[in-house]
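In the working numbering, the protein residues as written are 137 to 495.
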């Protein structure tokens with residue numbers, strides 16, 4: 137999105153990323169591609185190569201914008217102090233003492249070196265300031281523009297995809313099947329709703345769209361019950377969201393969840409854990425459940441919220457109306473590109489550089 141928007145605005149864009157990522161997102165039509173692998177963890181040989189590549193790229197760029205803490209840390213090492221650096225942090229600290237110590241170390245490095253740190257959620261912005269970052273702002277993360285789907289057709293499409301009857305009650309989860317998304321809590325929520333684990337005519341079905349490292353585990357759970365359905369990777373997410381009775385996020389942490397923005401655009405009733413930037417995204421257009429106590433306590437709170445909406449259609453109608461209002465307030469892709477350009481101009485004002493303007 138940023139590459140396309142910046143290129144359309146007349147900026148020269150260079151993207152340093154894995155070749156397969158460039159191919160998947162067709163970045164070559166908008167930017168010069170510099171092959172680069174950062175990796176999820178430290179690797180002496182790979183990191184040394186990345187530093188060399190980033191140093192060379194930084195020497196020819198007006199601004200370097202690193203996405204992710206690892207990329208930001210490598211840029212902090214590679215670039216000269218005179219090279220303007222913007223870093224967007226995308227994720228909260230990982231679980232595990234050792235991993236959290238590494239995260240904290242990179243966080244302090246990036247806070248000390250970056251000219252501007254953009255955080256995808258308010259809690260990450262607080263962490264950045266605590267780590268010593270002098271300039272911190274919230275990143276602008278929009279959902280792709282999508283027309284509102286026909287609700288009746290979308291209901292049919294979602295239930296057909298899950299192999300369900302047309303009148304089945306469906307709670308929908310969308311996202312990467314990874315621990316951060318709290319999928320075990322979503323299944324526990326379903327247990328609270330359907331105590332037998334076998335949904336009858338009046339039972340609730342949990343439908344999960346996405347793929348990821350927990351796919352096999354969830355698949356094993358789904359084979360033993362009739363109320364859990366996995367759709368795998370989907371390209372029709374707006375249609376699925378428009379067809380759900382309730383959209384559920386049981387996440388342990390979120391930045392500015394794009395899929396919940398997509399849900400609001402489809403006027404879906406949303407129940408979500410109050411974590412990270414979720415409240416920032418949904419405003420008053422969702423039922424937020426505190427992420428407090430153990431997983432079962434959170435699951436029970438989610439179940440109560442979902443049950444309340446399913447048993448009171450008028451409440452769902454109210455939420456759909458609030459979603460329509462909130463959707464009109466959400467940032468657009470044009471807003472995100474404009475915010476990025478403003479960020480670059482902000483750091484360039486402190487680092488005047490000769491030559492033609494670029495990005």
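Backbone N, C-alpha and C define an ideal beta-carbon position, used for all residues, glycine too.
Kindly examine the ligand SAM and report whether one of its heavy atoms sits closer than 7 Å to the Cβ of residue i.
i, result
"residue 484", "With respect to the ligand SAM, the structure offers nothing, as it holds no ligand at all."
Decide if residue i is buried, meaning its Cβ has at least 16 other Cβ atoms within 10 Å, or exposed.
i, result
"residue 220", "buried"
"residue 330", "buried"
"residue 313", "buried"
"residue 305", "buried"
"residue 237", "exposed"
"residue 162", "exposed"
"residue 353", "exposed"
"residue 295", "buried"
"residue 403", "buried"
"residue 177", "exposed"
"residue 569", "With the chain covering 137 to 495 only, the question about residue 569 has no answer from this structure."
"residue 218", "exposed"
Cα separation between residue i and residue j?
i, j, result
"residue 174", "residue 184", "10 Å"
"residue 486", "residue 231", "37 Å"
"residue 397", "residue 187", "36 Å"
"residue 449", "residue 389", "29 Å"
"residue 195", "residue 227", "28 Å"
"residue 326", "residue 155", "40 Å"
"residue 223", "residue 204", "7 Å"
"residue 337", "residue 324", "Residue placement at residue 337 is flagged as unreliable, the pLDDT there being 45, under the threshold of 50; the coordinate-derived value follows with that caveat. Roughly 20 Å separates the two Cα atoms."
"residue 189", "residue 180", "14 Å"
"residue 407", "residue 424", "6 Å"
"residue 301", "residue 339", "12 Å"
Which stretch, first to last residue, makes up the beta strand (DSSP E) that contains residue i?
i, result
"residue 168", "168 to 171"
"residue 385", "382 to 385"
"residue 200", "200 to 203"
"residue 453", "Element bounds for residue 453: not the beta strand (DSSP E) but the alpha helix (DSSP H), 449 to 465."
"residue 371", "Taken as a continuous stretch (DSSP letters only), residue 371 belongs to no beta strand (DSSP E), as it is neither H nor E."
"residue 266", "First-last for residue 266: 258 to 267, but that is the alpha helix (DSSP H), not the beta strand (DSSP E)."
"residue 408", "406 to 409"
"residue 326", "Per DSSP, residue 326 belongs to no beta strand (DSSP E); it is in the alpha helix (DSSP H), 319 to 329."
"residue 277", "Note, residue 277: premise wrong, no beta strand (DSSP E); not H, not E."
"residue 308", "305 to 310"
"residue 424", "423 to 425"
Relative to the C-alpha of residue i, which residue among the options is closest?
i, options, result
"residue 452", "157, 181, 381, 360", "381"
"residue 138", "193, 236, 201", "201"
"residue 165", "149, 291, 179, 343", "149"
"residue 361", "155, 283, 368, 341", "341"
"residue 445", "177, 383, 470, 427", "383"
"residue 261", "459, 368, 343, 391", "391"
"residue 140", "482, 484, 469", "469"
"residue 281", "482, 414, 476, 471", "471"
"residue 346", "339, 371, 357, 328", "371"
"residue 410", "192, 375, 317, 351", "317"
"residue 310", "367, 447, 167, 457", "367"
"residue 373", "438, 190, 145, 290", "290"
"residue 369", "405, 297, 456, 265", "297"
"residue 462", "198, 145, 349, 418", "418"
"residue 307", "159, 439, 474", "439"
"residue 387", "322, 457, 274", "322"
Let's see if you can read the secondary structure: which residues bound the alpha helix (DSSP H) around residue i?
i, result
"residue 341", "Residue 341 -> not in any alpha helix (DSSP H); beta strand (DSSP E) instead, spanning 340 to 345."
"residue 394", "394 to 401"
"residue 471", "469 to 484"
"residue 300", "Element bounds for residue 300: n/a, residue is neither H nor E."
"residue 357", "351 to 359"
"residue 254", "Not the alpha helix (DSSP H): residue 254 falls in the beta strand (DSSP E), residues 252 to 255."
Complete alpha helix (DSSP H) runs within the stretch 139 to 196 (minimum length 4 residues, chain order): 155 to 160, 180 to 196
Starting from the N-terminal side, write out each stretch of the alpha helix (DSSP H) that is 4 residues or longer and does not extend beyond the stretch 210 to 250. 233 to 249
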